[in-house]
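Engineer:
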Amino acid sequence: MADFTSHYDNMDFDPFNLSDGYKDLFEQLAKDPQKLIEANMAYMQDAMKLYQSTMLGLMGQSQEPVIEPEKGDRRFKHDDWSEEPAFDCIKQSYLLASKWMRTVVSETEGMDEKTAKKVEFFTERYIDALSPTNFSATNPAVLEKIRETKGANLVHGLKNLLTDLEKGEGQLRIRMTDVDAFELGENVGTTPGKIVFQNRMMQLIQYEPTTDKVQKRPLLVVPPWINKYYILDLQEKNSLLKWLVDQGHTVFVVSWVNPDESYRDVGFDEYLKEGTLAALDAIEQATGERDVNAIGYCIGGTLLATTLAYMEANGDDRIKKATFFTTMLDFSEPGDLGVFVGEEEMDELDKKMDEAGYLDGSGMAGTFNLLRANDLIWSFYINNYLLGNDPRPFDLLYWNSDSTRMPAKMHSWYMRNFYLKNLLCEPNGVTVAGTPIDLSTIKTPACFVSTVEDHIAPWQSTYMGAQLFSGPVRFILGGSGHIAGVINPPEAGKYGYRTTGKLPDDAVAWAEEAKQNEGSWWPEWQKWVKPGGGKAVAARQPGDG
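The sequence shown: position 242 = 884 (the working numbering), numbered continuously.
#1: How close, in whole Å, do the beta carbons of residue 1026 and residue 817 come, if the pair is a contact with beta carbons under 8 Å?
#2: When the Cβ atoms of the stretch 1178 to 1186 are set against those of the stretch 846 to 857, are three or more pairs found closer than 8 Å?
#3: Output the boundary residues of the alpha helix (DSSP H) element that contains residue 1139.
#4: Across the stretch 1040 to 1049 and the stretch 1066 to 1077, are there enough close Cβ pairs to call them in contact, namely three or more that are closer than 8 Å?
#5: What residues in its chain sit with their C-beta under 8 Å from that of residue 1075, if we drop five residues either side in the sequence?
#6: Using C-beta distances below 6 Å, list every residue in its chain close to residue 917, excluding the 5 sequence neighbours before and after it, in chain order.
#7: Are residue 896 and residue 871 closer than 9 Å when you measure CB to CB?
#8: Under 8 Å: do the stretch 780 to 797 and the stretch 986 to 1003 share three or more Cβ pairs, one atom per stretch?
#9: Would you kindly work out how many angstroms separate the C-alpha atoms of residue 656 and residue 663, rounded to a whole number?
#10: Could you give the residue range of the beta strand (DSSP E) that holds residue 753?
#11: Taking only three categories from DSSP, how would you classify residue 658?
#12: Between the C-alpha atoms of residue 803 and residue 1111, what's the straight-line distance to the nearest angstrom?
#13: When DSSP labels each residue in this structure, what does residue 1089 get in the three-state scheme?
#14: Tell me the rounded alpha-carbon separation between residue 808 and residue 794.
#15: Could you name the residues that DSSP lists as bridge partners for residue 767?
#16: Answer yes or no: do residue 688 and residue 741 have a C-beta to C-beta separation smaller than 9 Å?
#17: Using the DSSP secondary-structure output, state which residues sit across from residue 844 in a beta bridge.
#18: The beta strand (DSSP E) with residue 967 in it runs from where to where?
#19: Short of 8 Å in beta carbon distance, which residues of its chain neighbour residue 1035, apart from the five on each side in sequence? Order them along the chain.
#20: Below 8 Å, how does it come out for the stretch 921 to 941 and the stretch 967 to 977: are there three or more Cβ pairs, yes or no?
#21: Just how far apart, CA to CA, sit residue 1108 and residue 985?
#22: When DSSP labels each residue in this structure, what does residue 1116 get in the three-state scheme?
#23: Suppose contacts are defined by Cβ-Cβ distances below 9 Å. Is residue 1092 in contact with residue 1135 by that definition?
#24: Quick check on DSSP: helix, strand or coil for residue 650?
#25: For residue 1029, which residues of its own chain have a beta-carbon under 8 Å away from its beta-carbon, when the five flanking residues on both sides are left out?
#26: Run the CB neighbour count on residue 1186, radius 10 Å, all protein chains shown included, and call it buried at 16 or more, exposed below.
#27: My output table needs one value for residue 976: the three-state DSSP class, helix, strand or coil.
#28: With distances taken from CA atoms, which of 987, 1157, 949, 1008 is nearest residue 1082?
#29: Note down the Cα distance separating residue 1014 from residue 947, rounded to an integer number of angstroms.
#30: Where do the N-terminal and C-terminal ends of the alpha helix (DSSP H) with residue 1157 fall, by residue?
#31: Does the count of Cβ pairs from the stretch 1115 to 1125 and the stretch 1094 to 1104 closer than 8 Å reach three?
#32: Taking residue 919 and residue 864 to be in contact with their CB atoms under 8 Å, please state how far apart those CB atoms are, rounded to whole angstroms.
#33: Distance, Cα to Cα, residue 718 vs residue 730?
#34: In angstroms, rounded to a whole number, what distance separates the CA positions of residue 1152 and residue 1142?
#35: Check whether the Cβ of residue 946 sits closer than 8 Å to any heavy atom of the ligand SAH, and report yes or no.
#36: Provide the residue span of the alpha helix (DSSP H) that contains residue 925, from first to last.
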């Protein structure tokens, strides 16, 4: 037990400074209790309606629900939640209490905007945690499993819990998938390729062609360094890299190093000089081609944009077309991630990173999981611990669990200058590798691809970033979220996408103008990137030079 608890001995139990936020909330309620009184009265009226409805339901009379789960809420899909009066009452009681909490928090005035957003966010996480589905005594699916297995599911669930605590070295890291079911190069990341260059920051992979002729201009892909590159190459059926190769691109992908303590003083400069710039040099060495097209994904896109501005300032025009997947450049509205970024939060994070020399990948993964707690935390808690099921093999969740570390210097600089101060979108707001960065100087034709349900890089924020360049810009809005909306092969025929030739200043105005299209956005992007790439040439084999 000491091994499990020692991790918490010196832990700050208020790392997000919530106590001050809720203190402010209660002070504002005390100053003007009218909204609280109104919320209480509305709750009591609804509770009385629910009581009457439940009594009639117990007598066999069908009743309309007082409140129902929101569309898309999958927690209450078991039939008993609607067919058994007792469980229906538990469900609706929870939903009414949740509604009351949201009303009190959202309608309280007097807090500053940042504090209000933080209180709203963590109130939602509290609401998520209190769901009756998260308790064995109030979850009909769990009770059913207990009857079927005579309680063996709870025993196996406890074993799963202890295994996760042991693997997490005292921290609870809930397994989302069977990690032993996958091996890189065997059943994930299987598109054939070869490492053609490497340095201390990255390896550059060139993929084998599948066509006799290829486009003259190579394609560089810069993934995020928060996770591994093979999100773009999970399985052959959904591999973006395989699809790009099949379209006749000579594809090069950066595979970032997973840094240890020795990288503590590596900064954003090194990611630019020894990452994107080194990759461009290596591609020219490998193919003889100076001109390339480039794709950046998430923070990889932020680095790509910074690289373009750096190159513009230094008279380097090797990147001819640039694509940005779910990339934020203007961080003024970062969505829910913004609640984790403040001076006090960053000071605490810096202390933590100073000890190790890096931010452990599990910390960032945990933050992302909190953004969708019901899907990425509680559903697995129920499956693994209450139902006693073993995690199922799932390639996307295997990748999601395979997080990487981030150097202390780089991550602190990135979070403070981009998220906290929003300096990247200001002309010469930051200096990288000795060069002031001005995104407005970028003339390179660009295509921004974002997704409507993205909880990490909200599309309205990425749209603001698309306004910063001085060259021609295209904006495509796909369906689904940060990962599924990007990894959306044409064969799946899912989600759809919106696009228009115009780029008004306002994201809402763009959405009103945009046309809805069926299927994947991949072919639409291919139509944009292909023109101007020169005549087709003989296929290039990795390592041929």
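Don't be surprised by glycine CBs; every beta carbon is placed ideally from N, CA and C.
Structural biologist: Quick look at the numbers:
#1: For this step, residue 1026 is matched to residue 384 along the sequence shown. For this step, residue 817 is matched to residue 175 along the sequence shown. That belief holds up - the Cβ atoms of residue 1026 and residue 817 are roughly 7 Å apart, short of 8 Å.
#2: yes
#3: Counted from its first residue, the sequence shown places residue 1139 at position 497. Here residue 1139 belongs to no alpha helix (DSSP H); instead the beta strand (DSSP E) covers 1139 to 1141.
#4: no
#5: Numbered from its first residue, the sequence shown carries residue 1075 at position 433. The answer, listed in chain order, is 911, 914, 915, 952.
#6: Counted from its first residue, the sequence shown places residue 917 at position 275. So the qualifying residues of the chain are 843, 844.
#7: For the purposes of this step, residue 896 is taken as residue 254 along the sequence shown, with counting starting at 1. For the purposes of this step, residue 871 is taken as residue 229 along the sequence shown, with counting starting at 1. In this structure, residue 871 lies closer than 9 Å to residue 896 by Cβ.
#8: no
#9: For this step, residue 656 is matched to residue 14 along the sequence shown. For this step, residue 663 is matched to residue 21 along the sequence shown. Rounded to whole angstroms, residue 656 to residue 663 spans 11 Å at the Cα level.
#10: For the purposes of this step, residue 753 is taken as residue 111 along the sequence shown, with counting starting at 1. Looking at the DSSP string, residue 753 is not in any beta strand (DSSP E), and its letter there is neither H nor E.
#11: As a working note, residue 658 is residue 16 in the sequence shown. Coil at residue 658, not helix or strand.
#12: Within the sequence shown, residue 803 is the residue found at index 161, counting from 1. Within the sequence shown, residue 1111 is the residue found at index 469, counting from 1. In a straight line, the C-alpha of residue 803 is about 49 Å away from that of residue 1111.
#13: Position 447 of the sequence shown holds residue 1089. Strand at residue 1089.
#14: For the purposes of this step, residue 808 is taken as the residue at position 166 of the sequence shown. For the purposes of this step, residue 794 is taken as the residue at position 152 of the sequence shown. Distance between the alpha carbons of residue 808 and residue 794 is about 21 Å.
#15: The count along the sequence shown starts at 1 and reaches residue 767 at position 125. Answer by DSSP bridge pairing: none, since residue 767 is not bridged.
#16: Within the sequence shown, residue 688 is the residue found at index 46, counting from 1. Within the sequence shown, residue 741 is the residue found at index 99, counting from 1. Result yes, Cβ atoms of residue 688 and residue 741 sit closer than 9 Å.
#17: In the sequence shown, the residue the question calls residue 844 occupies position 202. Note: residue 844 sits in a beta bridge opposite 898.
#18: Position 325 of the sequence shown holds residue 967. Looking at the DSSP string, the run of the beta strand (DSSP E) that includes residue 967 is 961 to 967.
#19: By one-based count along the sequence shown, residue 1035 stands at place 393. Taken in chain order, the residues that qualify are 819, 820, 823, 824.
#20: yes
#21: For this step, residue 1108 is matched to residue 466 along the sequence shown. For this step, residue 985 is matched to residue 343 along the sequence shown. Taking the straight line joining both Cα atoms gives about 28 Å.
#22: As a position in the sequence shown, residue 1116 is number 474, starting the count at 1. Residue 1116: strand per DSSP, three-state reduction.
#23: Taking the sequence shown and counting its residues from 1, one reaches residue 1092 at position 450. Taking the sequence shown and counting its residues from 1, one reaches residue 1135 at position 493. Going by C-beta atoms, residue 1092 is not nearer than 9 Å to residue 1135.
#24: In the sequence shown, the residue the question calls residue 650 occupies position 8. The predicted position of residue 650 is uncertain, since its pLDDT is 48 and thus under 50; a value taken from the coordinates is nonetheless stated next. Of the three classes helix, strand and coil, the one that applies to residue 650 here is helix, per DSSP.
#25: Counted from its first residue, the sequence shown places residue 1029 at position 387. Taken in chain order, the residues that qualify are 783, 784, 787, 795, 799.
#26: Taking the sequence shown and counting its residues from 1, one reaches residue 1186 at position 544. Exposed is the call here.
#27: Position 334 of the sequence shown, counted from the start, is the residue given in the question as residue 976. DSSP places residue 976 in coil when its eight states are reduced to three.
#28: Taking the first residue of the sequence shown as 1, we reach residue 1082 at position 440. For residue 1082, the nearest C-alpha among the options comes from 949.
#29: Taking the sequence shown and counting its residues from 1, one reaches residue 1014 at position 372. Taking the sequence shown and counting its residues from 1, one reaches residue 947 at position 305. For residue 1014 and residue 947, the distance between alpha carbons rounds to 28 Å.
#30: Indexing the sequence shown from 1 puts residue 1157 at position 515. Run containing residue 1157: none in the alpha helix (DSSP H); it sits in the beta strand (DSSP E), 1157 to 1159.
#31: yes
#32: The residue labelled residue 919 in the question sits at position 277 within the sequence shown. The residue labelled residue 864 in the question sits at position 222 within the sequence shown. Incorrect: roughly 11 Å between the Cβ atoms, too far for contact.
#33: Position 76 of the sequence shown, counting from 1, holds the residue named residue 718. Position 88 of the sequence shown, counting from 1, holds the residue named residue 730. Whole-angstrom Cα-Cα distance: 10 Å.
#34: In the sequence shown, counting from the first residue as 1, residue 1152 sits at position 510. In the sequence shown, counting from the first residue as 1, residue 1142 sits at position 500. Distance between the alpha carbons of residue 1152 and residue 1142 is about 8 Å.
#35: Of the ligands one can find in the structure shown there are none, so the ligand SAH has no counterpart to examine.
#36: As a position in the sequence shown, residue 925 is number 283, starting the count at 1. 920 to 929 is the extent of the alpha helix (DSSP H) around residue 925.
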